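**Q**
Protein chains: 2
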Amino acid sequence: MANTPKKDPINPTDDDARQLARDLIQQARFAALGVIDPQTGGPMVTRVALVPGPGGAPLSLISELSAHTTALTANPTCSLLIGEPGAKGDPLTHPRLTLQAEAKNCHKLDLREHYLGLYPKAQLYFDFADFVLFRFMPTAGLLNGGFGKAYRLLPHDVLPL
Amino acid sequence: MANTPKKDPINPTDDDARQLARDLIQQARFAALGVIDPQTGGPMVTRVALVPGPGGAPLSLISELSAHTTALTANPTCSLLIGEPGAKGDPLTHPRLTLQAEAKNCHKLDLREHYLGLYPKAQLYFDFADFVLFRFMPTAGLLNGGFGKAYRLLPHDVLPL
């Protein structure tokens, strides 16, 4: 048990993996967002709200006052971790999806009804002038369905439309 | 309600903020880890196990086969998001801590008892040859205790020892 052989831990992508990745995006209402901190050049991970966009790419309403918005404006290359562990079991056995993405500022009023339908609590601040809406266009994905269940995904694997 | 004045959202650090940050580190058994992907130069966020180390800096046991270990070996500058929302309420109102940190590979056998005491499920794989132990030495922190409750922290604010 003390030694395991080194091997490539990535499985061939199949339809079950694609469906799991899409389900994780559809179900998520928050995520961990990784950006490049313009002050240090290093990564910075914060929590953001999340809803699936009409075309499948995730959307997030965030404040211009936040450190991550400043960072995304300086460098839109980012990453999202999507999919939360339940209360029981080893958290590492729960499925999660790492997306690498480009963040694009989009016109929030066009997506007001869509966003609030999926995230009603944002009605309290959706119309605040400092809140902006970003769409995350995936460039690559890494799905981890638990130990030994890793898959590398392409954008068309995760976007339903 | 449609407009709010722009202002600095950072509060002065006080003992309550320091205690909340330390409590989040003490209670966390997983976190979102942000690294620089050596292939793209962009951020990559994955889930890792987490326990507080003897000196307060978080520890994580991770596999050398994982993409984040490859990235940390190439560039140890990273970030952790610590603190999970509960099942109820807007996830953005739940406290969370962003750490910016330097990851250091440490001698896992010296910390075996400490780690397994806090994360017993890792007994299944702690001794596997491909699992390595990293300590995350904080360089800066951003505590978000909910809307309007943001604080910038220094390493001595988050490390109890």
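Chains as they are written, first to last, in my numbering: chain U, -18 to 142; chain R, -18 to 142. Backbone N, C-alpha and C fix where the C-beta goes; we use that ideal spot for every residue, glycine too. Just so it is clear, the structure is predicted and the values come from calculations on it, not from any experiment.
1) May I ask you to verify whether the region 51 to 63 of chain U touches the region -7 to 2 of chain R, counting CB pairs closer than 8 Å and requiring at least 3?
2) Can you find the residues in the same chain that come closer than 6 Å, C-beta to C-beta, to residue 81 of chain R, ignoring five residues on each side of it along the sequence?
3) When the Cα of residue 70 of chain U is compared with those of R/74, R/10, R/4, R/6, which residue comes out closest?
4) Residues of chain U with CB under 7 Å from residue -10 of chain R, in chain order?
5) Return no unless some Cβ of chain R is closer than 9 Å to the Cβ of residue -4 of chain U.
6) Could you tell me the alpha carbon to alpha carbon distance between residue 84 of chain U and residue 49 of chain U, rounded to whole angstroms?
7) Just the chain U side, please: which residues come within less than 7 Å of residue 71 of chain R by C-beta, in chain order?
8) Hey, residue 26 of chain R and residue 14 of chain R are a contact pair by Cβ (cut 8 Å); roughly how many whole angstroms apart?
9) Going by beta carbon distance, what residues of the same chain come within less than 7 Å of residue 97 of chain R, once the five residues before and after it are set aside?
10) Going straight from the alpha carbon of residue 100 of chain R to that of residue 30 of chain R, what length do you get?
11) Comparing the C-beta of residue 18 of chain U with each C-beta of chain C, is any distance below 9 Å?
12) Report the three-state DSSP secondary structure of residue 106 of chain R (helix, strand or coil).
13) Please confirm if residue 106 of chain U has its CB atom under 9 Å from at least one CB of chain R.
**A** Reading off the structure:
1) no
2) In the second sequence, the residue the question calls residue 81 of chain R occupies position 100. Excluding sequence neighbours, residue 81 of chain R sits near 60, 120, 121.
3) The sequence position of residue 70 of chain U within the first sequence is 89, counting from 1. For the residues R/74, R/10, R/4, R/6, the minimum Cα distance to residue 70 of chain U belongs to R/10.
4) Taking the first residue of the second sequence as 1, we reach residue -10 of chain R at position 9. Chain U residues near residue -10 of chain R: 46.
5) Your numbering for residue -4 of chain U matches position 15 in the first sequence. Not closer than 9 Å to any Cβ of chain R, the Cβ of residue -4 of chain U fails to qualify, so no.
6) Walking along the first sequence from the start, residue 84 of chain U turns up at place 103. Walking along the first sequence from the start, residue 49 of chain U turns up at place 68. For residue 84 of chain U and residue 49 of chain U, the distance between alpha carbons rounds to 11 Å.
7) In the second sequence, residue 71 of chain R corresponds to position 90, counting from 1. Near residue 71 of chain R (Cβ distances below 7 Å), the residues of chain U are 102.
8) The residue you call residue 26 of chain R lines up with position 45 of the second sequence. The residue you call residue 14 of chain R lines up with position 33 of the second sequence. That pair is a contact at about 7 Å.
9) The residue you call residue 97 of chain R lines up with position 116 of the second sequence. Closer than 7 Å at Cβ, skipping near neighbours: 103, 104, 107.
10) Reading the second sequence from its first residue, position 119 is the one you call residue 100 of chain R. Reading the second sequence from its first residue, position 49 is the one you call residue 30 of chain R. The straight-line gap from Cα to Cα measures roughly 9 Å.
11) Protein chains in the displayed structure are U and R, and chain C is not among them.
12) For this step, residue 106 of chain R is matched to residue 125 along the second sequence. Looking at residue 106 of chain R - three-state DSSP - the assignment turns out to be coil, as it is neither helix nor strand.
13) For the purposes of this step, residue 106 of chain U is taken as the residue at position 125 of the first sequence. At least one chain R Cβ lies under 9 Å of residue 106 of chain U.
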